[in-house]
Amino acid sequence: MADLTTDFVGIKSPNPFWLASAPPTDKEYNVRRAYEAGWGGVVWKTLGEAGPPVVNVNGPRYGAVWGADRRLLGLNNIELITDRPLEVNLREIKAVKRDYPDRAMVVSLMVPCVEEAWKAILPLVEETGADGVELNFGCPHGMSERGMGSAVGQVPEYIEMVTRWVKQNTRMPCIVKLTPNVTDIKQPAMAALRGGADAVSLINTINSITSVDLDLFAPEPTIDGKGAHGGYCGPAVKPIALNMVAEIARTPEMAHLPISGIGGVTTWRDGAEFMALGAGNVQVCTAAMTYGFKVVQEMISGLSDYMDRKGMVATSELVGKAVPNLSDWQHLNLNYVAKARINQDLCISCGRCFAACEDTSHQAISMSEDRTFTVKDDECVACNLCVNVCPVEECITMEQLAAGAVDPRTGRTVKREYANWTTHPNNPGAVKAAE
Amino acid sequence: MHAKAYAQGVVAGRLEASDLAAGFVDLHPALTDHEALVAADRCYFCHDAPCITACPTDIDIPLFIRQIATGTPDAAAKTILGPNILGGMCARVCPTETLCEQACVREIAEGKPVDIGRLQRYATDGLMAAGLHPFTRAAPTGKTIAVVGAGPAGLACAHRLAMKGHDVTLFDARPKPGGLNEYGIAAYKTTEDFAAREVDWLMQIGGITLENGKALGHDITLQELRAGYDAVFLGIGLGGVNALDAPGAEKDGVLDAVNFIAELRQAKDLAALPVGRDVVVIGGGMTAVDAAVQAKLLGALNVTMVYRRGRDRMNASPFEQDLAAARGVRIITNAAPVAVHGNGAVREIEFEYTDDALVPTGETFRIPADQVFKAIGQTLAGETLPDLEGRKIAVSGAGRTSIIGVWAGGDCAAGGDDLTVTAVAEGRDAAEDIHTALMGSTG
């Protein structure tokens with residue numbers, strides 16, 4: 001049995017699945033249910049400074065994008081940080097941590113960009129016995145209009161400054177949560193590192209409008225006929241999040257900066273993928289909001305089974321395992337040649353591969369009278385679109401042409417040696433191979 | 001147990017009214033909005049979809065399902081009704097399990113096709129309930145056409161001709177239009193007077209004059225029609241029935257299944273409709289199943305369907321066979337009727353087992369019967385018709401008969417399955433051909 005316990009910046013948890021700072025972690029009641037269901041840790045929903053709490057809208061605060069059968073693929077929200085009094089949250093955090101000492105308890109914070117505000121709140125959090133703090137520099141709606149959240153996260157200098165204040169004023173580990181609403185995620189991550197952050201977590205939600213009400217002509221969710229952009233999350237954002245995590249993980253200066261991966265983690269596999277790309281653990285929100293806290297049980301069993309199959313004993317063996325294979329396009333092997341293969345036993349003759357290839361790609365699939373679909377090797381560029389549109393798993397696969405074989409499309413013999421764009425004759429800036 | 005449940009002979013009121021009503025409910029109830037969206041989501045939007053190929057009227061099924069899935073069911077209805085003006089009825093009575101749904105790739109993938117028939121009903125019902133008729137007539141052409149038979153073929157032909165701007169007179173021998181839709185299909189497949197409502201809706205196109213109670217050969221003749229109209233379309237169906245060639249076949253209680261079904265469809269009160277305690281249906285087609293199941297639903301205690309060949313040769317689809325079995329109908333195959341016994345009225349019917357080549361085995365058995373329904377095939381009736389091919393009107397191309405200016409389609413014409421949907425396709429195509437013939441290729 002694989003050991004799923006993780007040690008993330010000194011914070012131990014029985015498994016790498018934490019609940020992200022979000023509505024599911026806003027109250028003692030929810031967090032107790034989460035721990036009972038098996039979550040390894042929670043990041044408590046963002047606390048603001050003492051005084052009158054923020055208020056939320058009283059209309060819909062979520063919008064959604066659905067796939068087939070109304071499967072929730074993307075969720076957008078305009079909810080703010082916790083709207084409950086600071087002292088209530090602190091009291092509850094303390095009570096829950098006391099009862100679940102083996103679980104991770106990290107507290108998300110967002111206070112104004114003045115050192116006094118951070119100095120004031122940090123000791124209060126420390127007093128609860130929480131394991132660490134996460135700085136919310138990511139929230140893209142509402143709070144950002146008040147100079148907090150992503151308004152900080154979009155200015156690397158502010159990130160560095162605030163992170164430094166926090167590190168100077170608490171012994172607790174400090175995780176900096178990054179906004180994806182930037183051009184280059186490496187800049188804020190580097191700023192956090194310079195400020196002394198123990199880790200970064202990403203991504204926070206993405207600026208978004210999920211849909212438009214075509215009767216009211218207003219963005220959704222609509223409040224009294226008006227809509228504001230929200231923050232997008234859920235399975236739809238996973239590819240964006242994976243790329244941002246990878247960008248940080250592959251940057252040599254940040255190679256040792258721990259990452260908590262966030263963004264559309266819905267199954268064990270999503271979690272494993274984030275970890276393979278360098279995340280020490282993952283945080284989940286939308287999956288729990290869609291299916292309830294019990295989903296973590298599949299995540300735990302799935303990751304455990306996977307690690308057993310791979311002979312991995314500790315999660316540290318998985319973390320970063322795919323990072324060495326992250327490359328730039330220019331370094332991809334142009335001598336790697338593949339062709340699509342259609343398994344006729346699995347094919348259900350829907351013809352979607354044909355429509356996709358014939359209409360939008362390379363006319364590399366033929367269709368017979370009896371609806372047999374066959375790849376034309378002399379046209380196939382192995383683009384993978386047919387694989388992606390096929391409704392049957394493993395029906396269409398990509399098969400590598402062995403070295404020495406002739407590619408019927410180009411008439412060229414497949415070469416064994418690796419060669420990329422940097423040395424390609426068509427590249428005006430090609431490096432001339434040594435003579 | 002109701003008092004009359006075991007009563008011998010042919011009696012009415014075998015079941016309580018509530019049991020009758022429960023039995024005759026809609027076989028394929030309408031989908032709710034939610035059910036329709038879930039069902040529509042399963043369509044893969046196949047390329048050159050096999051379901052379209054399998055549909056005799058070539059409805060663009062993936063397109064209409066996508067229109068449902070994207071919240072535009074009225075657009076879906078137009079996609080359906082364009083090629084098949086009786087799309088509402090076809091959604092109810094088509095043997096989808098041997099047509100579109102058999103061809104559905106999800107039938108191949110999972111043994112569970114997209115629910116095409118019920119999605120089609122969802123779309124067409126919605127449009128009809130809103131009272132929308134999405135087609136309009138072209139400018140008048142001044143041409144007149146006689147369409148004989150207001151069944152599926154005649155209705156489809158008349159509608160298409162009217163759309164093209166022609167003036168159509170639609171004749172039918174029966175008191176109501178609709179043909180087999182009105183008189184010949186099990187009641188649980190077309191509930192709430194749907195056949196009549198559909199005809200009313202179809203007639204909204206305008207330009208069609210309905211002449212009921214006008215039978216070809218009695219009230220009107222082909223010669224007169226040819227003289228009085230620019231073209232004639234015959235969609236007269238099969239008015240005769242095959243005779244049962246067995247001693248005693250003339251005894252009381254030995255009836256034609258089509259008449260039983262028609263009577264049942266027109267009955268104001270099913271409780272007043274008499275049915276036997278022991279009913280035997282001879283035949284293995286859809287008509288046999290419709291008669292057998294409805295006899296059972298009326299309260300017949302023992303209903304047996306007997307077919308002379310093997311089960312694999314039955315014209316009733318596996319779905320229909322299962323429906324019959326599920327309603328308690330016993331199906332006996334490889335047995336042919338050899339004699340009807342009884343003193344005046346039938347008391348027993350005797351069968352002989354046959355092998356798959358229909359050779360009698362010499363082994364016989366008797367089944368008690370106080371009512372026997374013959375469902376052994378219908379035949380073309382009428383004289384001075386165009387030339388025949390076999391026992392039906394010979395046609396070439398889109399329903400052209402041996403007589404210039406006379407077209408035919410539906411069950412009375414040779415070729416094609418005897419299905420509502422096939423009749424619609426033939427009527428529609430004949431209309432297009434008539435239009436071209438009358439107006440020239442530029443029409």
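Taken in order, these protein sequences are the chains called E and R.
Counted from 1, the first sequence has number 50 at position 50 by the numbering used here; the numbering is strictly sequential.
Counted from 1, the second sequence has number 416 at position 416 by the numbering used here; the numbering is strictly sequential.
For each residue, glycine too, the CB sits at the ideal point set by N, CA and C.
Residue i in three-state terms, based on DSSP
{"i": "Phe319(R)", "result": "helix"}
{"i": "Gly443(R)", "result": "Its pLDDT being 45, under 50, Gly443(R) is placed unreliably by the model, and the measurement read from it follows with that caveat. Coil."}
{"i": "Glu399(E)", "result": "strand"}
{"i": "His256(E)", "result": "coil"}
{"i": "Glu157(E)", "result": "helix"}
{"i": "Pro235(E)", "result": "helix"}
{"i": "Ile61(R)", "result": "helix"}
{"i": "Ala381(R)", "result": "coil"}
{"i": "Met128(R)", "result": "helix"}
{"i": "Ser304(E)", "result": "helix"}
{"i": "His166(R)", "result": "coil"}
{"i": "Gln344(E)", "result": "coil"}
{"i": "Val372(R)", "result": "strand"}
Segment limits, beta strand (DSSP E) that includes residue i
{"i": "Tyr353(R)", "result": "Glu348 to Thr354"}
{"i": "Asn76(E)", "result": "Leu72 to Asn77"}
{"i": "Ile206(E)", "result": "Ile206 to Ser208"}
{"i": "Ser211(E)", "result": "Ser211 to Asp213"}
{"i": "Pro360(R)", "result": "Pro360 to Pro368"}
{"i": "Phe233(R)", "result": "Ala231 to Leu234"}
{"i": "His159(R)", "result": "First-last for His159(R): Pro152 to Met163, but that is the alpha helix (DSSP H), not the beta strand (DSSP E)."}
{"i": "Val338(R)", "result": "Ala335 to His341"}
{"i": "Trp66(E)", "result": "Tyr62 to Trp66"}
{"i": "Ile282(R)", "result": "Asp278 to Ile282"}
Contact check, residue i vs residue j, beta carbons under 9 Å
{"i": "Pro175(R)", "j": "Gly213(R)", "result": "yes"}
{"i": "Ile282(R)", "j": "Ile205(R)", "result": "no"}
{"i": "Met163(R)", "j": "Ala138(R)", "result": "yes"}
{"i": "Asp172(R)", "j": "Leu202(R)", "result": "no"}
{"i": "Glu49(E)", "j": "Arg61(E)", "result": "no"}
{"i": "Pro140(E)", "j": "Gly149(E)", "result": "yes"}
{"i": "Ile85(R)", "j": "Ala130(R)", "result": "no"}
{"i": "Asp411(R)", "j": "Gly151(R)", "result": "yes"}
{"i": "Cys46(R)", "j": "Ser349(E)", "result": "yes"}
{"i": "Gly138(E)", "j": "Thr82(E)", "result": "no"}
{"i": "Val9(E)", "j": "Ile175(E)", "result": "yes"}
{"i": "Cys353(E)", "j": "Cys380(E)", "result": "no"}
{"i": "Gly231(E)", "j": "Ser201(E)", "result": "no"}
{"i": "Ala192(E)", "j": "Thr163(E)", "result": "yes"}
{"i": "Arg285(R)", "j": "Asn315(R)", "result": "In the sequence under discussion, the amino acid at residue 285(R) is Gly, which differs from the Arg named in the question. Contact flag set, yes."}
{"i": "Gly382(R)", "j": "Gly217(R)", "result": "yes"}
Whole-angstrom C-beta distance between residue j and residue i, which should lie under 8 Å
{"i": "Leu270(R)", "j": "Leu234(R)", "result": "That pair is no contact at about 34 Å."}
{"i": "Ile80(R)", "j": "Glu101(R)", "result": "Rounded, the Cβ-Cβ distance is 15 Å, inconsistent with contact."}
{"i": "Gly51(E)", "j": "Pro221(E)", "result": "Going by Cβ atoms, the distance from Gly51(E) to Pro221(E) rounds to 28 Å, so no, they are not a contact pair."}
{"i": "Asn302(R)", "j": "Arg277(R)", "result": "7 Å"}
{"i": "Ala64(E)", "j": "Lys294(E)", "result": "Contact doesn't hold; Cβ gap of about 21 Å is too wide."}
{"i": "Lys310(E)", "j": "Glu247(E)", "result": "That pair is no contact at about 25 Å."}
{"i": "Ala40(R)", "j": "Leu127(R)", "result": "Not quite, the Cβ-Cβ distance comes to about 16 Å (not below 8 Å), so this is no contact."}
Cut-off 6 Å between Cβ atoms - residues of its own chain near residue i, not counting five sequence neighbours on either side
{"i": "Arg416(E)", "result": "Ala403"}
{"i": "Leu63(R)", "result": "Thr79"}
{"i": "Ala431(R)", "result": "Cys157, Arg160 and Leu161"}
{"i": "Arg428(R)", "result": "Ala156 and Arg160"}
{"i": "Ala423(R)", "result": "Pro152, Ala153 and Gly410"}
Same chain, Cβ closer than 7 Å to residue i, neighbours up to 5 away in sequence not counted
{"i": "Ala291(R)", "result": "Ala257, Phe260, Ile261, Val281, Phe373 and Ala375"}
{"i": "Ala5(R)", "result": "Arg14, Gly299 and Leu301"}
Residue i CB to nearest heavy atom of the ligand ADP below 8 Å
{"i": "Pro175(R)", "result": "This structure lacks the ligand ADP; in fact it carries no ligand of any kind."}
Residue range of the unbroken alpha helix (DSSP H) whose run includes residue i
{"i": "Asn181(R)", "result": "Leu180 to Tyr183"}
{"i": "Tyr291(E)", "result": "Thr286 to Tyr291"}
{"i": "Ile203(E)", "result": "Looking at the DSSP string, Ile203(E) is not in any alpha helix (DSSP H), and its letter there is neither H nor E."}
{"i": "Cys353(E)", "result": "Arg352 to Thr360"}
Cβ neighbours of residue i in the same chain (closer than 8 Å, five flanking residues each side left out)
{"i": "Ala236(E)", "result": "Val65, Leu73, Gly74 and Gly264"}
{"i": "Glu363(R)", "result": "Glu352 and Tyr353"}
Cβ of residue i within 9 Å of any chain A Cβ
{"i": "Asp69(E)", "result": "Checking the listed chains, one finds no chain A in this structure; the protein chains it contains are E and R."}
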